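**Q**
Residue numbers (the numbering used here), protein chains in the order written: chain A, 1 to 211; chain B, 1 to 337.
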């Protein structure tokens with residue numbers, strides 16, 4: 001256990017109480033059919049950096065991304081405490097599910113407090129009274145990819161998608177306006193969502209998160 | 001681009017969203033589905049994240065332009081549609097004036113570079129209007145002919161030849177190259193071939209694959225179902241729920257007539273023939289003859305030749321044509337009994 005704590009400290013200097021956190025963390029990763037302690041620590045480090053890279057694909061602010069990665073570990077630990085540790089085969093998917101959930105929350109909070117749109121790092125480094133250069137919650141590249149994912153939808157899917165998603169028009173109303181059935185509206189929404197998701201795969205693909 | 005994920009997650013996600021507006025939603029069944037696999041939870045969280053990301057770009061100028069166009073076309077204010085939330089309506093007004101110039105600059109460039117790592121990929125998108133056809137020859141000599149109202153992207157690299165058919169129909173004549181499989185992705189279906197000639201048609205979420213030469217292998221990316229092998233003369237139909245039927249393609253000879261600028265019907269039902277005709281024209285025919293018994297039509301027509309097509313129909317069946325300006329209406333003759 002001590003060896004693990006040391007490894008953990010090397011990989012994750014941000015935890016205040018490394019030892020107690022590691023106690024929570026070792027079990028889920030120990031389940032990953034890994035025998036030697038060195039391997040566990042290795043995986044711990046690997047997951048941490050993989051997660052960090054995954055989160056920072058979407059979150060443009062390094063300090064926020066860091067917070068999210070740590071929070072994933074806290075959630076995993078809490079889950080372990082409640083005796084619901086994820087099974088080895090599923091823990092990876094579960095970990096990324098938590099990460100997605102936390103990213104969503106973080107972005108939503110930023111959006112609802114527009115003045116807090118800038119990188120939270122600046123709150124602690126207010127060297128100048130003038131507002132610093134505003135960094136957006138998500139990168140310009142991601143913004144552009146999102147917009148082009150929508151723009152590249154086939155016209156009839158784009159219509160339905162934008163009407164439903166951005167104009168908040170109900171399926172029956174969309175159906176009426178476009179002279180198609182509600183069922184077709186539904187199908188087109190499904191296809192549009194799938195296509196947008198596929199276009200954004202580079203951000204969501206957890207198998208490539210380690211690259 | 002990885003294969004599309006299971007649509008089940010998408011269906012649940014959309015159902016859950018709609019339940020906020022009073023749509024039907026079986027919470028217990030949803031919970032059960034979620035608990036079946038952590039992958040399900042992952043997919044739902046992905047979609048929720050994507051939804052929030054979309055919210056982040058909701059105000060973007062490019063989308064604003066399209067939204068304004070939609071509003072102008074469909075007048076959905078005070079037309080029975082629920083009105084927009086105040087927030088977006090106010091924004092929309094100010095946005096309208098600000099965007100026009102910016103939009104011109106922001107032609108979307110999509111980075112396919114991530115699709116195949118360390119491998120340069122050429123991506124080219126072809127779009128045809130209603131009634132328009134295009135063809136293109138790839139570097140390797142494979143030929144693609146694109147039919148009416150279609151959109152198709154070619155991703156061409158050293159290790160892969162991949163086509164994304166977003167909608168419509170195309171005919172592929174593939175040069176054999178064992179090191180570089182040729183793959184056509186359409187919706188949740190992917191078709192892999194080495195060298196062959198085949199036709200793919202996508203319409204409203206359904207896909208038809210017909211094989212003219214050699215064989216192809218079809219895989220539904222959202223399922224564990226095995227590859228389906230198709231040989232010359234066979235037709236695979238996949239409906240929008242992913243159900244698959246394989247048959248001998250009796251209409252095979254007629255099906256690629258579009259490549260010769262023709263419509264060919266061989267004991268085709270009149271409804272299907274009219275649907276097929278309408279794919280190519282701005283002025284469609286609407287058929288109001290459900291009270292007639294089963295009607296079939298055979299013959300060869302030039303694409304878009306309304307006169308001959310309608311003349312044949314009124315000659316064969318007790319129907320009359322009315323020209324409504326933007327469309328033709330076929331109705332049962334009044335004195336028919």
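Every residue, glycine too, gets a C-beta built ideally from N, C-alpha and C. Note that the structure is predicted; figures quoted are calculated from it, not measured.
#1: Are the C-beta of residue 53 (chain A) and some C-beta of chain B separated by less than 8 Å?
#2: Within a Cβ cutoff of 6 Å, which residues of the same chain sit near residue 34 (chain B), ignoring the five residues on either side of it in sequence?
#3: Would you mind listing the beta strand (DSSP E) stretches within the segment 169 to 233 of chain B that are 3+ residues and don't spill past its ends, in chain order?
#4: Provide the residue span of the alpha helix (DSSP H) that contains residue 202 (chain A), from first to last.
#5: Mind listing which residues of the segment 55 to 70 of chain B have their C-beta closer than 7 Å to chain A's C-betas, in chain order?
#6: Can we say the segment 215 to 224 of chain B touches the segment 267 to 280 of chain B, given the rule of at least three CB pairs closer than 8 Å?
#7: Got a sec, what are the start and stop residues for the alpha helix (DSSP H) residue 177 (chain A) sits in?
#8: Could you give the first and the last residue of the continuous alpha helix (DSSP H) run that contains residue 106 (chain A)?
#9: How many Å lie between residue 286 (chain B) and residue 320 (chain B) at the Cα?
#10: Taking C-alpha atoms, which residue in A:172, A:56, A:175 and A:137 lies nearest to residue 54 (chain B)?
#11: Tell me the rounded alpha-carbon separation between residue 316 (chain B) and residue 260 (chain B).
#12: Cβ closer than 9 Å: which chain B residues qualify as neighbours of residue 196 (chain A)?
#13: If we ignore side chains and look at the alpha-carbon of each, how far apart do residue 65 (chain B) and residue 154 (chain A) end up?
#14: Identify whether residue 297 (chain B) lies in helix, strand or coil by the three-state DSSP scheme.
#15: Chain A beta carbons: is any one of them nearer than 8 Å to that of residue 87 (chain B)?
#16: Taking C-beta pairs closer than 7 Å, name the residues in chain A that residue 7 (chain B) reaches, listed in chain order.
#17: In three-state terms, what does DSSP make of residue 161 (chain B)?
#18: Out of B:160, B:155 and B:167, point me to the one whose CA is closest to residue 157 (chain A)'s CA.
#19: I'd like the span of the alpha helix (DSSP H) that includes residue 13 (chain B), first residue to last.
#20: Which residues of chain A have a Cβ atom closer than 7 Å to the Cβ of residue 340 (chain B), listed in chain order?
#21: Ends of the alpha helix (DSSP H) at residue 71 (chain B)?
#22: For residue 47 (chain A), return the contacting residues in chain B, with the cut-off set at a CB-CB distance below 9 Å.
#23: Do the CB positions of residue 128 (chain B) and residue 150 (chain B) come within less than 8 Å of each other?
**A** The relevant details are as follows:
#1: By one-based count along the first chain, residue 53 (chain A) stands at place 53. Judged by the 8 Å Cβ criterion, residue 53 (chain A) is not in contact with chain B.
#2: For the purposes of this step, residue 34 (chain B) is taken as the residue at position 34 of the second chain. These residues qualify, in order along the chain: 40 and 41.
#3: Counting only runs of 3 or more, we get 182 to 186, 189 to 193, 197 to 203, 206 to 213, 215 to 220 and 228 to 231.
#4: Position 202 of the first chain, counted from the start, is the residue given in the question as residue 202 (chain A). Run containing residue 202 (chain A): 201 to 204, per the alpha helix (DSSP H) assignment.
#5: Taking 7 Å as the Cβ-Cβ cut-off against chain A, the residues of the segment 55 to 70 of chain B that qualify are 55, 56, 57, 58, 60, 62, 63, 66, 67 and 70.
#6: These segments do not touch.
#7: Numbered from 1 along the first chain, position 177 holds the residue referred to as residue 177 (chain A). 171 to 178 is the extent of the alpha helix (DSSP H) around residue 177 (chain A).
#8: For the purposes of this step, residue 106 (chain A) is identified with residue 106 of the first chain, where counting begins at 1. Note, residue 106 (chain A): alpha helix (DSSP H), 88 to 112.
#9: The count along the second chain starts at 1 and reaches residue 286 (chain B) at position 286. The count along the second chain starts at 1 and reaches residue 320 (chain B) at position 320. Between residue 286 (chain B) and residue 320 (chain B), the C-alpha separation is close to 12 Å.
#10: In the second chain, the residue the question calls residue 54 (chain B) occupies position 54. Across the set A:172, A:56, A:175 and A:137, the C-alpha of A:137 shows the shortest separation from the C-alpha of residue 54 (chain B).
#11: Position 316 of the second chain, counting from 1, holds the residue named residue 316 (chain B). Position 260 of the second chain, counting from 1, holds the residue named residue 260 (chain B). Residue 316 (chain B) and residue 260 (chain B): Cα-Cα distance of roughly 25 Å.
#12: One-based indexing of the first chain puts residue 196 (chain A) at position 196. Going along chain B in sequence order, the residues near residue 196 (chain A) (Cβ under 9 Å) are 50 and 54.
#13: As a first step, residue 65 (chain B) must be located in the second chain, where it is residue number 65. As a first step, residue 154 (chain A) must be located in the first chain, where it is residue number 154. Counting only the Cα atoms, residue 154 (chain A) lies some 16 Å from residue 65 (chain B).
#14: Position 297 of the second chain, counted from the start, is the residue given in the question as residue 297 (chain B). Correct three-state label for residue 297 (chain B): strand.
#15: As a working note, residue 87 (chain B) is residue 87 in the second chain. Low local confidence applies: a pLDDT of 42 at residue 87 (chain B) is under 50, so the model's placement there is unreliable, with the coordinate-based value given in what follows. For residue 87 (chain B), the answer is no, since every Cβ of chain A falls outside 8 Å of its Cβ.
#16: In the second chain, residue 7 (chain B) corresponds to position 7, counting from 1. Within 7 Å of the CB of residue 7 (chain B), the CB atoms of chain A belong to 190 and 194, in sequence order along the chain.
#17: The residue labelled residue 161 (chain B) in the question sits at position 161 within the second chain. Annotated three-state conformation of residue 161 (chain B) is strand, per DSSP.
#18: Residue 157 (chain A) sits at position 157 when you count from the first residue of the first chain. Nearest C-alpha to residue 157 (chain A) among B:160, B:155 and B:167: B:167.
#19: The count along the second chain starts at 1 and reaches residue 13 (chain B) at position 13. Counting along the chain, residue 13 (chain B) sits inside the alpha helix (DSSP H) bounded by residues 7 to 19.
#20: Summary: the structure shown does not reach residue 340 (chain B), with chain B confined to residues 1 through 337, and so no result is reported for it.
#21: Translated into the one-based positions of the second chain, residue 71 (chain B) becomes position 71. Residues 61 to 74.
#22: Here residue 47 (chain A) is taken as the residue at index 47 of the first chain, counted from 1. Ordered by position in chain B, no residue passes the 9 Å Cβ test against residue 47 (chain A), which lies about 15 Å from the chain.
#23: If you number the second chain from 1, residue 128 (chain B) lands on position 128. If you number the second chain from 1, residue 150 (chain B) lands on position 150. Yes, they are a contact pair.
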